[in-house]
Amino acid sequence: MLHALIAILSLQLLGEAAARALSLPLPGPVLGMVLMLALLIASPRFAALIRPTAQGILAHLSLLFVPAGVGVVGHFATLGSQTAAIAVAVIGSTILAIAVGALTFAAVARLTGARDD
Amino acid sequence: MTDFAEIWSYLSQGPLLWLTATLIAYALGDACFRLAGRNPAVNPVLIAVALLAVLLHLTATPYATYFEGAQFVHFLLGPATIALALPLYDSLPSLRRAVWPALAALVTGSLTAALSALAIGAALGLDGTVLASLAPKSATAPVAIGIAERIGGSPTLTAVLVILTGITGAVVATPLLNLLRLRDWRARGFAVGLTSHGIGTARALQVHPTAGAFAALGMALNAIATALVAPFALSLFLKGVP
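Note that the protein sequences, when read in sequence, are chains A and B. Going by the numbering used here, the first sequence opens with residue 2, and the numbers climb by one from there. Going by the numbering used here, the second sequence opens with residue 5, and the numbers climb by one from there.
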């Protein structure tokens with residue numbers, strides 16, 4: 002647990018530092034995720050070390066969005082008279098993007114024979 | 005004996021009270037979700053946020069005070085993003101076989117997210133700043149905010165739109181994809197992560213491990229794609245607008 006936490010935080014630190022140093026358009030944690038994936042592939046022993054802690058953090062991933070969500074409520078007032086139009090744009094585009102993305106994935110998977118098994 | 009007001013004023017200033025309240029609110033939201041037979045419309049994040057917003061309002065607690073406690077939960081978003089490498093690693097054989105479907109869905113999904121939001125927004129008369137804040141809203145929050153700042157959006161508004169997009173996706177994905185009769189967990193997860201970033205990925209992980217892994221992949225890839233797609237999409241809509 003201790004070593005897994007150290008590994009996770011160090012990779013985030015590394016990701017943050019690299020993102021700043023190279024002024025990449027990606028956030029540090031996303032870069033850290035890519036580094037973590039590389040390490041997991043490189044060493045199954047490392048994967049076994051990380052697994053319990055990573056699963057623990059991910060078990061309640063939704064919980065981690067609650068503080069930001071509460072922050073959003075305070076800003077509803079700033080939407081003002083445009084609230085309804087913004088809501089329609091957000092909900093409409095979210096539905097369309099999920100549908101188009103999933104249908105494209107399934108169609109190309111069928112064409113290329115990239116079946117899931 | 006110290007009276008209640010004194011105890012309250014002591015506790016309400018420290019991080020313990022609001023950290024505990026955040027966990028309890030989420031536990032209640034999660035209990036509702038389970039009681040409702042894991043119905044996606046009963047979203048635990050939405051319930052927890054509503055409960056806490058009412059509580060903060062009733063106790064006249066400023067968000068800054070709340071966040072002193074909640075920051076410990078919020079901080080874990082970074083480590084959790086790193087931890088998402090684990091489901092990706094576990095699904096590696098399946099990811100390797102899905103390179104083309106994933107890239108194709110990335111292009112169409114990312115373009116649809118930005119273009120349809122802008123088309124609807126422009127048709128309903130939203131102004132340029134709001135449109136610029138709408139364009140990157142499917143990317144994970146720090147990426148979306150960075151892009152919005154570059155293209156003339158408002159960082160605060162973008163943060164609001166990102167969270168709303170996440171919750172909308174988490175709520176609509178299951179019924180929508182069932183309606184489309186899509187049974188491929190890879191397609192379902194990828195589209196949800198691409199469109200609704202971390203909140204969508206959290207929802208996908210609840211549903212199926214393969215969907216969760218592909219959602220994490222979709223989120224990561226769309227963080228990159230949105231940096232290119234959002235400025236392009238916005239340029240199509242701001243032509244002629246001074």
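Where is the CB? At the ideal position from N, CA and C, for every residue including glycine.
Residue-level contact to chain A via CB, residue i, 9 Å cutoff
{"i": "residue 104 of chain B", "result": "yes"}
{"i": "residue 14 of chain B", "result": "no"}
{"i": "residue 44 of chain B", "result": "no"}
{"i": "residue 38 of chain B", "result": "no"}
{"i": "residue 155 of chain B", "result": "no"}
{"i": "residue 27 of chain B", "result": "yes"}
{"i": "residue 32 of chain B", "result": "no"}
{"i": "residue 202 of chain B", "result": "yes"}
{"i": "residue 48 of chain B", "result": "yes"}
{"i": "residue 17 of chain B", "result": "no"}
{"i": "residue 24 of chain B", "result": "no"}
{"i": "residue 251 of chain B", "result": "Residue 251 of chain B is absent from the structure shown; chain B starts at 5 and stops at 246."}
{"i": "residue 173 of chain B", "result": "yes"}
{"i": "residue 114 of chain B", "result": "yes"}
{"i": "residue 211 of chain B", "result": "no"}
{"i": "residue 120 of chain B", "result": "yes"}
{"i": "residue 11 of chain B", "result": "no"}
{"i": "residue 131 of chain B", "result": "yes"}
{"i": "residue 108 of chain B", "result": "yes"}
{"i": "residue 170 of chain B", "result": "yes"}
{"i": "residue 165 of chain B", "result": "yes"}
{"i": "residue 238 of chain B", "result": "no"}
{"i": "residue 56 of chain B", "result": "yes"}
Straight-line Cα distance separating residue j from residue i
{"i": "residue 246 of chain B", "j": "residue 131 of chain B", "result": "With a pLDDT of only 43 at residue 246 of chain B, under 50, the local geometry of the prediction cannot be trusted, and the value read off the model is given with reservation. Rounded to the nearest angstrom, the two C-alpha atoms are 11 Å apart."}
{"i": "residue 244 of chain B", "j": "residue 97 of chain B", "result": "Note that residue 244 of chain B scores 48 on pLDDT, short of 50, meaning its location in the model is unreliable and no value can be drawn from it."}
{"i": "residue 114 of chain A", "j": "residue 100 of chain B", "result": "13 Å"}
{"i": "residue 150 of chain B", "j": "residue 82 of chain B", "result": "16 Å"}
{"i": "residue 95 of chain B", "j": "residue 109 of chain A", "result": "19 Å"}
{"i": "residue 105 of chain B", "j": "residue 111 of chain B", "result": "10 Å"}
{"i": "residue 224 of chain B", "j": "residue 197 of chain B", "result": "8 Å"}
{"i": "residue 35 of chain B", "j": "residue 56 of chain B", "result": "16 Å"}
{"i": "residue 141 of chain B", "j": "residue 148 of chain B", "result": "6 Å"}
{"i": "residue 201 of chain B", "j": "residue 127 of chain B", "result": "26 Å"}
{"i": "residue 30 of chain B", "j": "residue 177 of chain B", "result": "21 Å"}
{"i": "residue 40 of chain B", "j": "residue 41 of chain A", "result": "37 Å"}
{"i": "residue 175 of chain B", "j": "residue 158 of chain B", "result": "26 Å"}
{"i": "residue 33 of chain B", "j": "residue 79 of chain B", "result": "21 Å"}
{"i": "residue 203 of chain B", "j": "residue 193 of chain B", "result": "12 Å"}
{"i": "residue 257 of chain B", "j": "residue 67 of chain B", "result": "Residue numbering for chain B in the displayed model covers 5 to 246; residue 257 of chain B lies beyond these limits and cannot be assessed."}
{"i": "residue 236 of chain B", "j": "residue 120 of chain B", "result": "13 Å"}
{"i": "residue 23 of chain A", "j": "residue 102 of chain A", "result": "31 Å"}
{"i": "residue 207 of chain B", "j": "residue 216 of chain B", "result": "8 Å"}
{"i": "residue 108 of chain B", "j": "residue 189 of chain B", "result": "16 Å"}
{"i": "residue 19 of chain A", "j": "residue 9 of chain A", "result": "15 Å"}
{"i": "residue 146 of chain B", "j": "residue 26 of chain A", "result": "10 Å"}
{"i": "residue 38 of chain A", "j": "residue 61 of chain B", "result": "42 Å"}
9 Å Cβ cutoff, residue i in contact with chain B
{"i": "residue 34 of chain A", "result": "yes"}
{"i": "residue 116 of chain A", "result": "yes"}
Exposed unless 16 or more other CB atoms sit within 10 angstroms - verdict on residue i
{"i": "residue 31 of chain A", "result": "buried"}
{"i": "residue 8 of chain B", "result": "exposed"}
{"i": "residue 28 of chain A", "result": "buried"}
{"i": "residue 103 of chain B", "result": "exposed"}
{"i": "residue 2 of chain A", "result": "exposed"}
{"i": "residue 64 of chain A", "result": "buried"}
{"i": "residue 144 of chain B", "result": "buried"}
{"i": "residue 12 of chain B", "result": "exposed"}
{"i": "residue 180 of chain B", "result": "buried"}
{"i": "residue 7 of chain A", "result": "exposed"}
{"i": "residue 182 of chain B", "result": "exposed"}
{"i": "residue 239 of chain B", "result": "exposed"}
{"i": "residue 57 of chain A", "result": "exposed"}
{"i": "residue 58 of chain B", "result": "exposed"}
{"i": "residue 94 of chain A", "result": "buried"}
{"i": "residue 77 of chain A", "result": "exposed"}
Notebook entry, point to check: Going along the chain, which residues of the stretch 62–87 of chain B sit with their C-beta nearer than 8 Å to a C-beta in chain A?
Noted result: The residues in question are 67, 70, 71, 74, 75, 77, 78, 80, 81, 82, 83, 84, 85, 86 and 87.
Check: Which residues, in chain order, does the stretch 53–81 of chain A contribute to contact with chain B at a C-beta distance below 8 Å?
Finding: 54, 55, 56, 58, 59, 61, 62, 63, 64, 65, 66, 67, 68, 69, 70, 71, 72, 73, 74, 75, 76, 77, 79 and 80
Notebook entry, point to check: For the stretch 180–199 of chain B, which residues have a beta carbon sitting closer than 8 Å to at least one beta carbon of chain A?
Noted result: 180, 181, 184, 186, 188, 189, 190, 191, 192, 194, 195, 196, 198 and 199
Notebook entry, point to check: What residues from the stretch 84–113 of chain A come within 7 Å of chain B, judged by C-beta to C-beta, listed N to C?
Noted result: 86, 87, 89, 90, 91, 92, 93, 94, 95, 96, 97, 98, 99, 100, 101, 102, 103, 104, 105, 106, 107, 109, 110 and 113
Note to self: Against chain B, which members of the stretch 18–52 of chain A pass a CB distance test of less than 7 Å?
What the structure shows: 26, 27, 28, 30, 31, 33, 34, 37, 38, 41, 42, 48, 51 and 52
Check: Looking at chain B, which residues of the stretch 3–18 of chain A have a Cβ within less than 7 Å of any of its Cβ atoms?
Finding: 9, 10, 12 and 13
Next item on the list: Mind checking the stretch 138–152 of chain B against chain A and listing, in chain order, the residues whose C-beta falls within less than 9 Å of any C-beta there?
Entry: 138, 141, 142, 144, 145, 146, 147, 150 and 151
Note to self: Three or more C-beta pairs under 8 Å: does that hold for the stretch 62–70 of chain A against the stretch 48–60 of chain B?
What the structure shows: Between the stretch 62–70 of chain A and the stretch 48–60 of chain B there are three or more inter-stretch CB-CB distances shorter than 8 Å, so the stretches are counted as touching.
Notebook entry, point to check: Do three or more CB pairs link the stretch 121–136 of chain B to the stretch 154–163 of chain B at distances below 8 Å?
Noted result: Pairwise C-beta distances place the stretch 121–136 of chain B in contact with the stretch 154–163 of chain B, as three or more of them are shorter than 8 Å.
Next item on the list: Report yes or no: do three or more beta-carbon pairs, one from the stretch 15–23 of chain B and one from the stretch 228–235 of chain B, lie closer than 8 Å?
Entry: no
Check: If you measure beta-carbon to beta-carbon, which residues of the stretch 221–233 of chain B are closer than 7 Å to chain A?
Finding: 224, 227, 228 and 231
Note to self: Does the structure place the stretch 59–73 of chain B close enough to the stretch 7–25 of chain A that three or more beta carbon pairs sit under 8 Å?
What the structure shows: Contact between the stretch 7–25 of chain A and the stretch 59–73 of chain B is absent, because fewer than three Cβ pairs lie under 8 Å.
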